[in-house]
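Notes follow the structure.
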């Protein structure tokens, strides 16, 4: 193993001694310590090989009896999955080795690494408590979208600080209904609502459903609604989740188009206008489609990196914002119907159904729409029903997803209309996924 290690060129004695100062306490040379102790502890031999990087980025993700380094020395190479490289880089950056992470990302991805690495640099700026550098890196990432750059104004939380310079108001155009479900969102609701009211697309209505919040959400909403006639409020007597709440608002929506916004999201002021421009350019051919989002921690860190894919997440950081889907309301009324009455996963079901029903009438766009708060209490991060960054969706989500995909596959597109309330479920779902019928009936009567 000694000869193979030295022949590989991966071992760097000076780097090892600096990275692991405890090795000097043993009286062994760095090489002796690595061979006797470091390999057993799965320490890295030098800056050009990282166990953390390999665990996340290796194409072969099954468990092995031997470490990645030992397999590299025995086999000569390890196959890296390009769609997982940023996961590996993120794992290495989290160990305090941001420069090594960036170098490995560039080695495997070339120029494609430069843009997402700007958000890694934004994370680094936060570690230096440099908000302006953070802002500069984020705007560098967003620059290709040709949108108004972000600015920071005084405020306690990140969502409160986000803004842009004024953008020209778009007058006229079809009415757009924006639906927001809110549950115990007192700390974020005002900024989320404000980001919609400040949209450059002026012809909109905002329908907000308070889903039986127990904090100050309702009183905050009442205060805000008194200042803008475009806001319409309702309050559920029972908590029924985001999709039943959206269905309630859908019944009252008057817009030619309808879309959503979560109570902990910040919409760029050009979100609706840019989306409407692209849709209207198709002269009615496009009936539905999404834009892109970035998930961000309350601190401003971009920690949510996923395997990249050409359509859902081109770089592993920005990804489809399901809630941003803009629907032609007539297409919903006549062909799609309502969201499934579930606790989670309803966006995915609706979008998958829309693609099956609308065919070429469904089109997604690679446009930045919003920053979505990556908070620990969100349904997305739920420990049992959520979406884990590295391992993928939970078992309950996976089972629900497979069930609705089977329904969409087996049924004729004309039979995929979903009523509200659902009279008879067209596909099975476990009780922990479904909202109780009694609760749905209670809020429907309210």
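In the UniProt record's numbering, the protein residues as written are 1 to 446. For glycine and all other residues, C-beta sits at the position ideal for the given N, C-alpha and C. Note that the coordinates shown come from a computational prediction; the quantities given were computed from them, not determined experimentally.
Relative to the Cα of residue 316, the nearest Cα in the group 197, 441, 57 belongs to 57. Counting other Cβ atoms within 10 Å of its Cβ, residue 75 stays below 16 and is therefore classed as exposed. Here DSSP, grouped into helix, strand and coil, assigns residue 317 to coil. In the three-state reduction of the DSSP assignment, residue 308 falls in the coil class. When rounded, the separation of the alpha-carbon atoms in residue 309 and residue 105 is 16 Å.
The beta carbon of residue 100 sits closer than 7 Å to the beta carbons of 47, 50, 92 from its chain, once the five residues preceding and following it are set aside; these are given in chain order. Here residue 407 is not near residue 421, since their CB atoms are 8 Å or more apart. Per DSSP, residue 24 lies in no beta strand (DSSP E) segment and is marked neither H nor E. Comparing C-alpha distances from residue 375 to each of 329, 416, 298 shows the shortest one belongs to 298. Approximately 5 Å separates the beta-carbon atoms of residue 439 and residue 240; this is inside 8 Å, confirming the contact. For residue 205, there is no enclosing alpha helix (DSSP H); the enclosing beta strand (DSSP E) covers residues 204–210. In the DSSP assignment, residue 346 falls within the alpha helix (DSSP H) that extends over 346–358.
Counting the other Cβ atoms within 10 Å of the Cβ of residue 441 gives fewer than 16, which makes it exposed. Looking at the DSSP output, residue 232 sits in a beta bridge with 207. DSSP, read as helix, strand or coil, puts residue 35 in helix. In the DSSP assignment, residue 295 falls within the unbroken beta strand (DSSP E) covering 288–296. Here the region 113–125 does not lie against the region 244–260, with fewer than 3 beta-carbon pairs under 8 Å apart. Going by DSSP, residue 160 is part of the alpha helix (DSSP H) stretching over 158–161. In terms of CA proximity to residue 151, 132 leads the group 125, 353, 16, 132.
Between residue 10 and the set 22, 70, 23, 66, the nearest pair of CA atoms involves 70.
Linking residue 230 to residue 87 through their CA atoms gives a straight-line distance of about 42 Å. When the Cα atoms are used, residue 157 and residue 144 turn out to be separated by approximately 27 Å. Within the UniProt domain "Glycosyltransferase 2-like" (177–282), the runs of alpha helix (DSSP H) at least 4 residues long that lie entirely inside it are, in chain order, 189–197, 217–225, 241–252, 271–280. Residue 1 sits in coil when the DSSP states are folded into three classes, being neither helix nor strand. As computed with DSSP, residue 141 is found in no beta bridge at all. The C-beta distance from residue 167 to residue 45 rounds to 52 Å, too long to meet the 8 Å contact threshold. The beta carbon of residue 320 lies closer than 6 Å to those of 290, 312 in the same chain, with the five residues before and after it left out. Within a 10 Å sphere around the beta-carbon of residue 398 sit fewer than 16 other beta-carbons, which makes this residue exposed.
If you look at residue 70, you'll find it in the alpha helix (DSSP H) that goes 68–75. Pairwise C-beta distances place the region 232–246 in contact with the region 181–189, as three or more of them are shorter than 8 Å. By DSSP's assignment, residue 10 forms no beta bridge with any residue.
Its chain contains 141, 315 as the residues whose beta carbon lies nearer than 7 Å to that of residue 115, once the 5 sequence neighbours on both sides are disregarded; these appear in chain order.
Contact annotation, residue 60 with residue 32: C-beta distance approximately 31 Å; criterion of less than 8 Å not satisfied. Rounded to whole angstroms, the separation of the alpha carbons of residue 360 and residue 177 is 23 Å. By the C-beta density criterion, residue 41 is exposed, having fewer than 16 other C-beta atoms within 10 angstroms. Here residue 372 is bridged, per DSSP, to 265, 295.
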